[in-house]
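Residue numbering for the sequence shown is 7 to 260, as defined by the working numbering.
For every residue, glycine included, the Cβ atom is placed at its ideal position computed from N, Cα and C.
Keep in mind the model is a prediction, meaning the values are calculated, not measured.
Presented below is the structure to which this report refers.
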Amino acid sequence: MTATLAGDFDYDRHGQGYARQRRTDPRIAARVHAALGQARTVINVGAGAGSYEPEDRHVVAVEPSAAMRAQRPRHLAPALDATAERLPFDDDSFDAAMATVTIHQWNDTEQGLRELRRVSRGPVVILTFDGDALDLLWLAEYAPELIAAERRRYPPIDLIASLIGGRTEVMPVPIPIDCVDGFTEAYYARPERFLDPRVRASQSAWGFVDDDAEARAVDRLRRDLDSGAWDDRFGRLREQPEFVGSLRLVVGHP
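This is how it looks when you write it as C-alpha cells:
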C-alpha cells in the first residue's frame, strides 16, 4: 500500500541533505522573529529541519516528514508528527503561530491557514513567495518551466492575508547577497551554484520540472557562464548587496 503524502513534495524520499543547503539566514530570521512580537509560546507548522525557529521562546514544532524531523539539530525539541490541516491543539493554545516556506506544499493550504489562525491567540506569521513576482529573478529565462510550476504552487498573497487575520501586513523581504538559505532567489548573485545538483535537490521546485527541461536550463546556464554572456547581462548583480524578489512576510493579527 502506498503511503499518502502530507504535501505536494515527497521529503521522505528527496529530503536527505536538505538541512545542509537550507540553513537559517540570520537577517531573514530577524524579520520573522520580530513579527512574532512578544509571544512566548509559538507553534511552528511545517517546521522541516528547524530553520527560522526562535530559540528564546517555547516552540512546538509540527512536521509530517520523518526525513525532515530526523535532520533537526539536537538542541531543538523533536517535532510532532502531524499536518497543518489537522493540528491536535485546542483553540488559542499558543501566543503565536508561524510557517516558513512551507504553505505551498500543503495538501489543503486554506484549511492549514485556518488551523494556524485557530490555534493562535496572537499573530500568525507566514514566510512565503509571491507567485506573481517569481519572474523577477533571471532564472526565469533559463528555466521557464520551473517558474510556471512554482506559480501554480504558491497561493495568492491576498488569499493568505484573508485567512490569517482581521488585520494583516504584507512585507517584501530583501534577500542578502550571501544568503545561507539555499532557495532559488538566494543565489541571485551566485549563478554557478545552480550547476550543483545538490543545490537543486534542496529546492523542491526542481521536482516539478522534467529531467529534459532541467538539463536544458543547466546546460544553457553553464554555456552562458563559460562564454561570459550571463555576466554581460546580469553581472551587476554580483555586487548588489540585496535582491528584492518574490519573498514575502505576511503577518495576520486577530
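Going by C-alpha distance, which of the options is nearest residue i?
| i | options | result |
| --- | --- | --- |
| Val215 | Pro79, Ala139, Arg158 | Arg158 |
| Ala103 | Arg228, Thr47, Tyr160, Leu231 | Thr47 |
| Trp236 | Trp144, Pro178, Asp187, Ser71 | Trp144 |
| Phe95 | Arg127, Asn113, Trp112 | Arg127 |
| Leu86 | Ala105, Gln77, Gly172, Val66 | Val66 |
| Ala155 | Leu165, Ala167, Asp138 | Asp138 |
| Glu248 | Gln209, Asp230, Pro150, Tyr193 | Tyr193 |
| Asp217 | Ser168, Pro260, Arg239, Glu151 | Glu151 |
| Arg33 | Ala146, Glu91, Pro180, Ser168 | Pro180 |
| Arg4 | Arg78, Pro197, Val38 | Residue 4 lies beyond the stretch modelled for the chain, which goes from 7 to 260, so this question has no answer here. |
| Ser168 | His39, Val38, Pro260 | Pro260 |
State the Cα-Cα distance for the pair residue i and residue j, rounded to the nearest angstrom.
| i | j | result |
| --- | --- | --- |
| His110 | Arg123 | 17 angstroms |
| Ala207 | Arg199 | 12 angstroms |
| Pro182 | Phe100 | 31 angstroms |
| Phe15 | Gln117 | Legend: pLDDT at Phe15 = 43, less than 50; position of this residue unreliable, no value from coordinates given. |
| Cys185 | Asp98 | 34 angstroms |
| Ala195 | Asp202 | 15 angstroms |
| Val205 | Val125 | 35 angstroms |
| Gly43 | Ala36 | 11 angstroms |
| Glu121 | Ala105 | 12 angstroms |
| Leu243 | Glu191 | 12 angstroms |
| Thr246 | Asp232 | Note that residue 246 corresponds to Gln in the displayed sequence, not to Thr. Going by the C-alpha atoms only, they are around 21 angstroms apart. |
| Glu220 | Asn113 | 25 angstroms |
| Gly172 | Leu165 | 12 angstroms |
| Pro60 | Ile49 | 10 angstroms |
| Asp238 | Ser252 | 24 angstroms |
Just to confirm before moving on: does the CB-CB distance between residue i and residue j stay below 7 angstroms?
| i | j | result |
| --- | --- | --- |
| Ile170 | Leu119 | yes |
| Tyr58 | Thr89 | no |
| Arg28 | Gly188 | yes |
| Leu93 | Gly56 | no |
| Pro178 | Val250 | yes |
| Tyr148 | Ala223 | yes |
| Thr115 | Gly52 | no |
| Gly258 | Thr174 | yes |
| Arg75 | Glu69 | yes |
| Val131 | Ala41 | yes |
Specify the secondary structure class of residue i as computed by DSSP and reduced to three states.
| i | result |
| --- | --- |
| Gly13 | In this prediction, Gly13 has a pLDDT of 47, which is less than 50 and means its spatial position is unreliable; what the coordinates show is noted afterwards. It is a strand residue. |
| Arg158 | helix |
| Ala85 | coil |
| Ser208 | coil |
| Arg28 | strand |
| Ser233 | helix |
| Pro182 | strand |
| Arg120 | helix |
| Asp187 | strand |
| His259 | strand |
| Arg19 | Interpretation of Arg19 is limited by its pLDDT of 46, a score under 50 that renders its predicted location unreliable; no figure is taken from the coordinates. |
| Phe95 | coil |
| Arg173 | strand |
| Arg78 | coil |
| Thr115 | helix |
| Val68 | strand |
| Arg37 | helix |
| Arg254 | strand |
| Ala45 | coil |
Give me the Cβ distance between residue i and residue j, rounded to the nearest whole Å; I'm assuming they're in contact under 8 angstroms.
| i | j | result |
| --- | --- | --- |
| Val163 | Asp141 | In the sequence as displayed, the identity of residue 163 is Ile instead of Val. The pair is not a contact, with the Cβ atoms about 16 angstroms apart (cut-off 8 angstroms). |
| Pro129 | Ala45 | 7 angstroms |
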